[in-house]
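Take a look at the structure below.
As structure tokens, then:
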């Protein structure tokens, strides 16, 4: 499978991606727990069907010590007992923030309140920016049909 676009050869993409990578680094360096960041990035990518990002975030999370059981259960996190209440709140916010076209109102007040019990304002900001960032990255990759499987952990960090 070949990608429709070569983002690395495009001057426009190069300029835009410089800013996207800076945004990604700001999120990565935030106080939002690293494990939560990877779980949320993985879940958003699963919802959007972005194979490149699923590949990346699964491998990065595993390299950082995440367990295979937790990685395999992200897709069914509601029924899994391996996630903390804080992680569950982040995953629910990520799902509602990703599926805004599927229901009126976006993120519900109840979901927001639950997330706010577990994360301070700076962490909530990082979480919202992460969800938005991942949706952007997913769309770039899905539209251009970027192939997955060859990512090496830490390749883009």
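Residue numbers (the working numbering): 121 to 277. Even for Gly, the Cβ is constructed at its ideal location relative to N, Cα and C.
Once you ignore the five residues that flank residue 166 on each side, which residues in its own chain have a CB closer than 8 Å to its CB?
174, 194 and 195
Is DSSP giving residue 126 helix, strand or coil here?
coil
Suppose only complete runs of 4+ residues qualify. What are the alpha helix (DSSP H) ranges in the segment 164-237, listed by chain order?
171-183, 188-193 and 205-218
Going by the CB atoms, is the gap between residue 124 and residue 265 shorter than 8 Å?
yes
I need the DSSP call for residue 254, collapsed to helix, strand or coil.
helix
Assigned exposure category for residue 227 - 16 Cβ within 10 Å defines buried:
buried
What residue from 126, 153 and 160 has the CA that sits closest to residue 254's CA?
160
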